[in-house]
Amino acid sequence: MGEAPSAPAGSPSSVRPLKVAIVGSGGVGKSVVSATLARTLARRGRDVLAVDLDPNPGLAYSLGLAPSDAGLPPETTIEVKGGLYGWGPAPEVDLATGAMTLSRLAPDGVRYLSPGKIDGKTVNKSEVKRCLGTVRLLVDHLTAPWDIVADLEAGTTTPYEGYARFAEVIVVLATGSWRSCLAARRLCALLPSVPLVVVASKTAPGASDAARWGLPVQHHIPFDPEVAAAERRGLAPLDACSDAPALSAVASLADLLLKVAP
Ligand SMILES: Nc1ncnc2c1ncn2[C@@H]1O[C@H](COP(=O)(O)OP(=O)(O)OP(=O)(O)O)[C@@H](O)[C@H]1O
Ligand SMILES: [Mg+2]
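Throughout, the working numbering is defined as the position within the sequence shown, counted from one, plus 815.
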């Protein structure tokens, strides 16, 4: 096991950590918001763990991290009867610190933790199945006062299966399409009773009126061609267009989350 990375110099140890899950239907901007939020918090001197709970690629790209299909090192997981997909942490893994020691360094000092990606060739033994239960346990048990920003799989299934259990605030994204608003309404009705922040993402201003959405929209992230172009070029939006309005909107989302989180 590696050593836990030390806190960045000047990191405020008494800061109450922000534990946030980002949910919503497919393509609403979960990975862009998760990555940008994680890096924005880290730039403010906070210790941040970005957790990829989506077996499809996304968060690493948006963070500006070389993507990898690999999950946790093989020696950190063992087959466990009753574990998620039959796997769990090896006895040597310390649940309280494993999320830190097994994470990778990402831009701005963010730590990145992933159960790996779906491997189409060996679906039944995929990295995700081997590592997912352990990653979830590590996130739930992390004791260090680190912010956690988790990018969940699209849709309602994994949020209902408790993947956001660690979260003290949940961001529900929708774009205004009927499908994304339906998913957002269902998520708001059935998610755990922590503060929920509904965000209109990739929308034009004014496209988030409550009558159309059936939800009180609390924040707005504009559709931003610079963000879309950066991602098409394989660049993290914060590296390619740091002054883009959508990224400023994510920075103000960080302020809002810090206010509403318990
Ligand atoms: N504010 C924005 N303005 C313009 N394009 C955006 C914005 N946010 C995200 N995008 C683009 O929309 C697409 C989907 O974004 P992203 O991958 O973050 O969504 P997602 O919800 O994580 O999707 P998935 O459900 O597939 O994981 C990407 O091409 C991304 O570059
Ligand atoms: Mg994504």
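C-beta atoms are modelled at their ideal positions from N, C-alpha and C, and glycine is treated no differently. Everything numeric in this text was worked out from a predicted model, so none of it was measured.
Check: residue i C-beta below 7 Å from any heavy atom of ligand 1
| i | result |
| --- | --- |
| Val847 | yes |
| Ser877 | yes |
| Ser1016 | yes |
| Ala969 | yes |
| Gly991 | no |
| Gly844 | yes |
| Asp1039 | yes |
| Val1042 | yes |
| Ala1061 | yes |
| Ile1036 | yes |
| Glu976 | no |
| Glu802 | Nothing can be reported for residue 802, as the shown portion of the chain is limited to 816 through 1077. |
| Glu942 | no |
| Glu1046 | yes |
Heavy atom of ligand 2 within 7 Å of residue i beta-carbon
| i | result |
| --- | --- |
| Gly860 | no |
| Gly839 | no |
| Asp1079 | In the structure displayed, the chain extends from 816 to 1077; residue 1079 sits before or after that span and is not available. |
| Gly873 | yes |
| Asp966 | yes |
Bounding residues of the alpha helix (DSSP H) (the contiguous stretch that carries residue i)
| i | result |
| --- | --- |
| Ala1064 | Pro1060 to Val1075 |
| Arg1001 | Trp993 to Leu1005 |
| Glu942 | Glu942 to His956 |
| Ala865 | No alpha helix (DSSP H) holds Ala865; the beta strand (DSSP E) holding it covers Val863 to Leu868. |
| Pro1052 | Pro1052 to Ala1055 |
| Glu890 | Element bounds for Glu890: n/a, residue is neither H nor E. |
Under 8 Å between C-beta atoms of residue i and residue j
| i | j | result |
| --- | --- | --- |
| Phe1038 | Ala1059 | no |
| Val847 | Pro1040 | no |
| Ala1076 | His1035 | no |
| Lys932 | Asp966 | no |
| Thr971 | Arg1001 | yes |
| Gly901 | Val908 | no |
| Val830 | Pro1010 | no |
| Leu852 | Val950 | no |
| Ala914 | Val954 | yes |
| Cys946 | Thr912 | no |
| Val838 | Arg926 | no |
| Asp867 | Leu856 | no |
| Pro872 | Pro888 | no |
| Cys1056 | Ala1066 | no |
| Arg980 | Asp923 | no |
| Val1042 | Ala1061 | yes |
| Leu952 | Leu917 | no |
| Ser840 | Ala1026 | no |
Inter-residue CB distance, residue i and residue j (contact presumed, cutoff 8 Å)
| i | j | result |
| --- | --- | --- |
| Ala850 | Ala836 | Wrong, their Cβ atoms sit about 14 Å apart, outside the cutoff. |
| Val987 | Ala999 | 5 Å |
| Asp962 | Arg1047 | With a Cβ gap of about 29 Å, Asp962 and Arg1047 do not count as contacting. |
| Pro930 | Gly886 | 5 Å |
| Val1013 | Leu997 | Their Cβ separation, rounded to whole angstroms, is 13 Å, which puts Val1013 and Leu997 out of contact at 8 Å. |
| Ser1016 | Gly844 | 4 Å |
| Leu899 | Leu1072 | Contact flag wrong, Cβ pair sits at about 28 Å. |
| Gly991 | Tyr876 | Actually they do not touch by this definition, with Cβ atoms about 24 Å apart. |
| Tyr975 | Leu1005 | 6 Å |
| Pro870 | Val943 | 4 Å |
For residue i, the first and last residue of its enclosing beta strand (DSSP E)
| i | result |
| --- | --- |
| Asp962 | Asp962 to Leu967 |
| Ser1016 | Leu1011 to Thr1018 |
| Lys834 | Lys834 to Gly839 |
| Arg926 | Arg926 to Leu928 |
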